[in-house]
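Undergrad:
Numbering (the working numbering), first residue to last: 1 to 228.
#1: For residue 133, name the three-state secondary structure that DSSP assigns.
#2: Anyone know if the C-beta pair for residue 15 and residue 38 falls short of 8 Å?
#3: Spatial neighbours of residue 22 within its chain, please: C-beta separation below 6 Å, excluding the five flanking residues on both sides.
#4: Determine, using beta carbons only, whether residue 12 and residue 43 come nearer to each other than 8 Å.
#5: Would you call the CB atoms of residue 133 and residue 166 closer than 8 Å?
#6: Which one or two residues does DSSP pair with residue 157 in a beta bridge?
#7: From this set, 103, 88 and 80, which residue's C-alpha is nearest residue 65's C-alpha?
#8: Helix, strand or coil, according to DSSP, for residue 140 in the structure here?
#9: Taking C-beta to C-beta, are residue 101 and residue 136 nearer than 8 Å?
#10: DSSP three-state label for residue 31, please.
#11: Under a three-way DSSP split, which group does residue 101 fall into?
#12: When DSSP builds the beta bridges, which residues end up paired with residue 76?
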């Protein structure tokens, strides 16, 4: 494991970019590791010269998802364990092809911020576990309504019944009891039986493993991958 390169006063500088580890990650993506540098704002990523499929900004102090230059190659953005409270509008103008966005352990509490991701038409996988937003009643339906392009939310496949309920409810969500019942419902009448295990997203789990910082995290994620 590479040791994080030290930033300058918590800034994301061109020098830091040049000194940071760069490698093929577990998903066969070319990744730059910018973890653990006390970065408070996203800036100067033009210094990456659009080389990377994946950028890992986990374990920093970023407050707002903004400040990206045009990075059409970027597919995966990892921001675990930051302080993200706000998401800027119009991110599609700078990172239009992002497919996986991992925001585990941040401070998002407002559905409006999630709606600001609606322009990312290629966004397939979103993780908001460990945010206040994930504690809202019926949060899955609200997010699915705001982002109908999602295939996976919090490592779980978006079900047909969830899409239908999100559309019919206008994204208002459900109470805890209805939410639990929806989790157990089959996707359609042609299924032989409801699956006992929720389908998981192998790609998203691999991305999470790549950004894990403790042995315990890695072990849990590897177990999930083996059971996928």
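The beta-carbon is built from N, C-alpha and C at its ideal position, and this holds for glycine as well.
TA: On the basis of the supplied data:
#1: helix
#2: no
#3: 32
#4: yes
#5: no
#6: 152
#7: 88
#8: helix
#9: no
#10: strand
#11: strand
#12: 54 and 100
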